[in-house]
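So the structure is just underneath, and the comments pick up after that.
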Amino acid sequence: MAEFHTVARTSDLGEGEGMTVAVGTKLIALFREGGRYFAIDDMCPHMGSSLSGGYLENGIVTCPWHAWRFRLADGAWADNPRIKIGCYPVRVEGEDIQVQV
Ligand code: FES
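This note's numbering applies: residue 47 is where the sequence shown begins, and numbers increase by one.
Encoded structure:
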């Protein structure tokens, strides 16, 4: 059963930023945009770049290597939403950012 895991503190992630966090062996890209937090798989399905270092705008992160674009809300590839990467619920408990994996 998926559980919430504390992956960072709210002070670790500024507005418009992303960071890579680990839950066990799984790497997750955590983002903050518009005061909300989002979590998707960190590895781009194209050639494996880390998405946490991508360009973030209007709820979409653009992969830093070849510019594939993924929606933060559901992990869908913005140019072909039939393809999706993992997307995980996020909650804030006090100062802790928690991801359900
Ligand atoms: S590795 Fe992400 S678009 Fe190529």
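Don't be surprised by glycine CBs; every beta carbon is placed ideally from N, CA and C.
Within the same chain, and ignoring the five residues on either side of V107 in sequence, the residues whose Cβ sits closer than 6 Å to its Cβ are L97, G100 and F116.
Residue environment for D88: buried (at least 16 other C-beta atoms within 10 angstroms of its C-beta). With respect to I143, L73 sits apart: the two C-beta atoms are not nearer than 8 Å.
Straight through space, the alpha carbons of V147 and T56 are spaced by roughly 19 Å. Rounded to the nearest angstrom, the Cβ distance from G62 to E79 is 6 Å, consistent with a contact under 8 Å. Chain-ordered, the residues whose CB falls short of 5 Å from any heavy atom of the ligand FES come out as C90, H92, M93, S95, C109, W111, H112 and W114. Bridge partners of C133 according to DSSP: I86. Secondary structure at L97: helix, using DSSP grouped into helix, strand and coil.
Of M47, H92 and E103, the smallest CA-CA separation from I131 is found for H92.
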